[in-house]
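Numbering (our numbering), first residue to last: -17 to 46.
We put the CB at the ideal spot given by N, CA and C, even for glycine.
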């Protein structure tokens, strides 16, 4: 899977999915978040909501 998005000027890229662990690069910084959990990097809160064979759903929030 490959996906890229820019949120509020911060580039976010899906780099890997291994089981229930999703790894993203946020402004070049890697963060690994389990499904159903939230991680933080570069001022963004990343919640992995769903992982299927066809899609990965990640919610990004600034915390403001």
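Drop a sphere of 10 angstroms on the beta-carbon of residue -6, count the other beta-carbons inside from all chains shown, and report buried for 16 or more, exposed for fewer.
buried
Ends of the beta strand (DSSP E) at residue -5?
-8 to 0
Give me the residue from 9, 26, 30, 12 with the minimum Cα distance to residue 19.
The option with the nearest alpha carbon to residue 19 is 30.
Please report the straight-line C-alpha distance between residue -3 and residue 9, rounded to a whole angstrom.
12 Å
So, with DSSP's three-state summary, where would you put residue 21?
strand
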